[in-house]
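For the sequence shown, UniProt numbering gives the first residue as 1, with consecutive numbering after it.
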Amino acid sequence: MKRLAVFTSGGDAPGMNACIRAVVRGAVYHGVEVFGIRRGYNGMINGDIFPMTSHSVSNIVQRGGTILKSARSKEFMTPEGRKKAHDQLLKHGIEGLVAIGGNGTFTGALKFFEEFQIPTVGAPGTIDNDLYGTDYTIGFDTAVNTALEAIDKIRDTADSHDRIFFIEVMGRDSGYIAIQSGIAGGAEMVMVPEVLTPISEVVETLKQGWSRSKSSSIIVVAEGDEEGNAAEVAEKIRTQVGVDVDMRVTTLGHIQRGGIPTAYDRILASRLGLGALEGLLNGEKNVMAGVVNNELLYTPFIDTIKLPKPINEDLLRMVRILSV
1 MKRLAVFTSG
11 GDAPGMNACI
21 RAVVRGAVYH
31 GVEVFGIRRG
41 YNGMINGDIF
51 PMTSHSVSNI
61 VQRGGTILKS
71 ARSKEFMTPE
81 GRKKAHDQLL
91 KHGIEGLVAI
101 GGNGTFTGAL
111 KFFEEFQIPT
121 VGAPGTIDND
131 LYGTDYTIGF
141 DTAVNTALEA
151 IDKIRDTADS
161 HDRIFFIEVM
171 GRDSGYIAIQ
181 SGIAGGAEMV
191 MVPEVLTPIS
201 EVVETLKQGW
211 SRSKSSSIIV
221 VAEGDEEGNA
231 AEVAEKIRTQ
241 VGVDVDMRVT
251 TLGHIQRGGI
261 PTAYDRILAS
271 RLGLGALEGL
281 LNGEKNVMAG
291 VVNNELLYTP
301 FIDTIKLPKP
311 INEDLLRMVR
321 ILSV
């Protein structure tokens, strides 16, 4: 392989730039021409493709977001759109791709290979940490620390005013951010999509706290919890405990996706970026580079896309025990 390209797709995640840097500098080290594709599959379709050098990625390892921009492409979901993308890659002589993203990104890459045999190796870039085949995804550690910083500050107010705070964190299908920020932030309860936590159980936990003269509480709610988002959960609980209880809801939102990546995310992203590049050069295709038990492994896209990544039961047990 003489020419390859790297792109980012889907939601941005802190550490993506470190991953791009590793791909580009790894390619330079191995004597391979490397191109960048701006705005994901949209840029591939529109020919927003440009050569990159070692200098192209100078001073980006500490930056959040992605210098290659990102987008979700409806046109790439059509055969016509994928044909345009293939024509652009042929025009630039690109023989393989490194895709930094999540499930949607890898689904598109798999379909693209089926039709045009362009090999892709992925690097898992998503704050949700919901991809099978890696212990941690790029951006997750930074998102947890961002959420934790907010939880710590909110707890000061909760304690000062004897309030219950419901803090909503990202995680439409995954509770990893909620569970880890909740444990680190000393939350009284964590509600995640993977495990049904009935409102009655939350109410009972709060009442047990009140019986011990506990005057404030933090409930961390993943946005995709089965009982609803944080505002819906708070309203359900209010109907059971009465209007006299002082409750507040805080939704952290997109602040979790931005910011300076932690040291852990920079190192993980660099390792996965180089792993994805060297996997591609060594003939891997339609796989995601991941780290499992501190070992670099390649997992087929089809497994990454379809297989669930359950929450560790020990973490859920830890929340129950430490909230007492």
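Cβ coordinates follow ideal geometry from the N, Cα and C atoms, glycine included.
Legend entry - Member of Leu-4, Asp-246, Gln-256 whose CA lies at the smallest distance from the CA of Ser-160: Looking at the Cα atoms, Asp-246 is the closest of the given residues.
Legend entry - Phe-35 versus Glu-223 - alpha carbon distance: 37 Å
Inset, instruction - Answer yes or no: do Ile-305 and Phe-106 have a C-beta to C-beta separation smaller than 8 Å? - result: For the 8 Å CB-CB criterion, Ile-305 and Phe-106 form a contact.
Legend entry - Glu-188 classed as buried or exposed, judged by whether at least 16 other C-beta atoms fall within 10 angstroms: Buried.
Inset, instruction - Kindly list the residues whose CB is nearer than 7 Å to the CB of Glu-194, restricted to its own chain and excluding five residues on each side of it in sequence; keep chain order. - result: Gly-175, Pro-310, Ile-311
Legend entry - Candidates Thr-78, Val-121, Ile-45, Gln-256, of which the one nearest Gly-11 by Cα: Gln-256
Legend entry - Ser-270 to Glu-232 span [Cα, whole Å]: 40 Å
Inset, instruction - Helix, strand or coil for Met-16, going by three-state DSSP, please let me know. - result: helix
Legend entry - Integer Cβ distance of residue 332 from Val-23, believed to fall under 8 Å: This structure cannot speak to residue 332, because the chain is shown only from 1 to 324.
Legend entry - Nearest residue (CA-CA) to Thr-142, options Asn-129, Met-77, Ile-154: Among Asn-129, Met-77, Ile-154, the Cα nearest to that of Thr-142 is on Asn-129.
Inset, instruction - Identify whether Phe-155 lies in helix, strand or coil by the three-state DSSP scheme. - result: In the sequence under discussion, the amino acid at residue 155 is Arg, which differs from the Phe named in the question. In the structure shown, Arg-155 sits in a helix (DSSP, three-state: H, G or I).
Inset, instruction - Spell out a yes or no on whether the segment 63-78 and the segment 4-19 are touching, meaning 3 or more CB-CB pairs, one atom from each, closer than 8 Å. - result: Enough Cβ pairs lie closer than 8 Å, so yes.
Legend entry - Extent of the continuous alpha helix (DSSP H) to which Val-203 belongs: 199-211
Inset, instruction - Please work out which residues of its chain come closer than 6 Å, Cβ to Cβ, to Gly-275, disregarding the five sequence neighbours upstream and downstream, and give them in chain order. - result: Ala-289, Leu-296
Legend entry - Cβ shell of Ile-237 (< 7 Å), same chain only, five flanking positions each side left out: Ile-199, Val-202, Val-203
Inset, instruction - With DSSP as the reference, please indicate the residues paired to Thr-251 in a beta bridge. - result: Glu-168
Legend entry - Alpha-carbon spacing of residue 325 relative to Arg-3, whole angstroms: Here the chain has residues from 1 to 324 only, and residue 325 is not among them.
Legend entry - Element boundaries [beta strand (DSSP E), containing Val-221]: 217-222
Inset, instruction - Answer yes or no: the CB of Val-203 versus the heavy atoms of the ligand ATP, is any distance below 7 Å? - result: The ligand content of the structure shown is nil, which means the ligand ATP is not present either.
Legend entry - Uninterrupted beta strand (DSSP E) stretches inside the segment 255-318 (no shorter than 3 residues): 287-292, 295-300
Inset, instruction - With DSSP as the reference, label Leu-148 as helix, strand or coil. - result: helix
Inset, instruction - On the DSSP bridge assignment, give the partners of Arg-3 in chain order. - result: Glu-33
Legend entry - C-beta atoms of Val-85 and Ile-45 nearer than 8 Å: The displayed chain sequence assigns Ala, not Val, to residue 85. Yes.
Inset, instruction - State the CB to CB distance for the pair Asp-265 and Gly-15, rounded to an integer number of angstroms; the pair is presumed to be in contact (CB under 8 Å). - result: 4 Å
Legend entry - According to DSSP, residues forming a beta bridge with Pro-124: Gly-101
Legend entry - Enclosing alpha helix (DSSP H) for Lys-44 [first to last residue]: Sequence inspection shows Met at residue 44; the Lys mentioned does not correspond to that position. Counting along the chain, the unbroken alpha helix (DSSP H) around Met-44 starts and ends at 40-46.
Inset, instruction - Just the C-alpha distance for Arg-82 and Leu-148, rounded to the nearest angstrom, thanks. - result: 41 Å
Inset, instruction - Might you give, ordered along the chain, the residues of its own chain that have their beta carbon closer than 6 Å to the beta carbon of Ile-219, omitting 5 neighbours on each side? - result: Correct list, in chain order: Phe-166, Met-189.
Inset, instruction - Check the C-beta distance from Leu-272 over to Ala-123 and give it rounded, since I have them as a contact under 8 Å. - result: 4 Å
Inset, instruction - Please report how far the alpha carbon of Leu-89 lies from the alpha carbon of Glu-95, in whole angstroms. - result: Each residue's Cα considered, the two are about 8 Å apart.
Legend entry - Environment of Leu-196 [buried if 16+ CB atoms lie within 10 Å]: Leu-196 should be labelled exposed.
Inset, instruction - Return the first residue and the last residue of the beta strand (DSSP E) that Val-61 is part of. - result: Run containing Val-61: none; DSSP gives neither H nor E here.
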